[in-house]
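Residue numbers (this note's numbering): 323 to 571.
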């Protein structure tokens, strides 16, 4: 774990925040290159801000009693981790469709473009999770297991003990990079269908990954909140695929 990229007294830069910034910049650059457009900057920036705000809000809501009820001032400390991806994705899509409505853009065409690059930025964020030590996996003595040090989320949540756990952050990052490569190939070949593929593809990845997660998360119907949303995402992807397929016949 390497939570602090730079810590020299007056200058303190978190590795998690740097990974997020790198992910955003990569997505921004790719969107402009793939589209050949420079006029999407306002949309991209608005979605990024909404993504962080939504991800933080979802995390705070789920962990209010355990983390924030006694320290509400920590709500704004996104540099210390504590973002729920699905919350950010939902709010970012709301902003995206609002922007398309105002600008009279075709949302499905732009959605395919944006969905193509999201997994790359998300993978960078998961690497940041690994450096910080959040979103860790179940206790394990497997060859790939890791031990997060003192003062990490894993250390605190295991009763201030260093326990060997699965590096689910890296597992998900690897799966996201594979998904990004597949979506990029699909987009370059067809220029459509990647949004549906992303929704279904990431829904499957996240649903499976949740079985290996060991950090505390809210449950619903015997599944984690992440798995419930994942099933909805797969259904949305399938519905979008069927709808767009009929329209192109």
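Note that CB positions come from ideal geometry on N, CA and C, so glycine has one too.
Computed from a prediction, not measured in an experiment: that's the story for all the values here.
Legend entry - Reference residue 504; option with closest CA among 408, 378, 434, 544: The residue with the shortest Cα to Cα distance from residue 504 is 434.
Legend entry - According to DSSP, residues forming a beta bridge with residue 486: DSSP, once it has assigned bridges, lists 469 as partnering residue 486.
Legend entry - Whole-angstrom distance between residue 488 and residue 533, CA atom to CA atom: Our two residues, residue 533 and residue 488, have alpha carbons roughly 11 Å apart in a direct line.
Legend entry - Contact check, residue 410 vs residue 377, beta carbons under 8 Å: In this structure, the beta-carbon distance from residue 410 to residue 377 falls below 8 Å.
Legend entry - Residues bridged to residue 339 [DSSP beta-bridge criterion]: For residue 339, which the question treats as bridged, DSSP gives no partner whatsoever.
Legend entry - Straight-line gap, residue 430 to residue 407 (C-alpha atoms, nearest Å): Roughly 22 Å between the two C-alpha positions.
Legend entry - Opening and closing residue of the alpha helix (DSSP H) in which residue 526 lies: Annotation: the continuous alpha helix (DSSP H) that includes residue 526 extends over 516-532.
Legend entry - According to DSSP, residues forming a beta bridge with residue 546: The partner list for residue 546 (beta bridge, DSSP) reads 541.
Inset, instruction - Could you say which of 372, 366, 399 lies nearest to residue 335 if we only look at CA atoms? - result: For residue 335, the closest alpha carbon among the candidates 372, 366, 399 is that of 399.
Inset, instruction - Return helix, strand or coil for residue 461, following the three-state DSSP convention. - result: Three-state DSSP puts residue 461 in a strand.
Inset, instruction - Please determine if the stretch 339-347 and the stretch 434-452 are in contact, where contact requires at least 3 C-beta pairs separated by less than 8 Å. - result: Between the stretch 339-347 and the stretch 434-452, the count of C-beta pairs closer than 8 Å reaches three or more; the two stretches touch.
Inset, instruction - Could you check the C-alpha separation between residue 545 and residue 392 for me, to the nearest Å? - result: Within the model, the alpha-carbon separation for residue 545 versus residue 392 is close to 28 Å.
Inset, instruction - Find out if the Cβ-Cβ distance for the pair residue 446, residue 432 is shorter than 8 Å. - result: With respect to the 8 Å criterion, residue 446 and residue 432 are not classified as neighbours on the basis of their beta carbons.
Inset, instruction - Would you kindly report the start and end of the unbroken alpha helix (DSSP H) that includes residue 425? - result: From DSSP, the alpha helix (DSSP H) with residue 425 extends over 407-425.
Legend entry - Close beta carbons around residue 528, own chain, < 7 Å, minus the five adjacent residues each side: Once the five neighbours on either side are set aside, the close Cβ partners of residue 528 are 548, 552.
Inset, instruction - Tell me, to the nearest whole angstrom, how far the beta carbon of residue 352 is from that of residue 439; I am working on the premise that it is less than 8 Å. - result: Taking a contact as a CB-CB distance under 8 Å, the pair residue 352 and residue 439 counts as one, their CB atoms being some 5 Å apart.
Inset, instruction - Please name the residue or residues paired with residue 535 in a DSSP beta bridge. - result: For residue 535, the pairing in a beta bridge is given by DSSP as 459.
Inset, instruction - Report all residues from its chain with a CB closer than 7 Å to the CB of residue 531; omit the five preceding and five following residues, and keep chain order. - result: Excluding sequence neighbours, residue 531 sits near 490, 493, 494.
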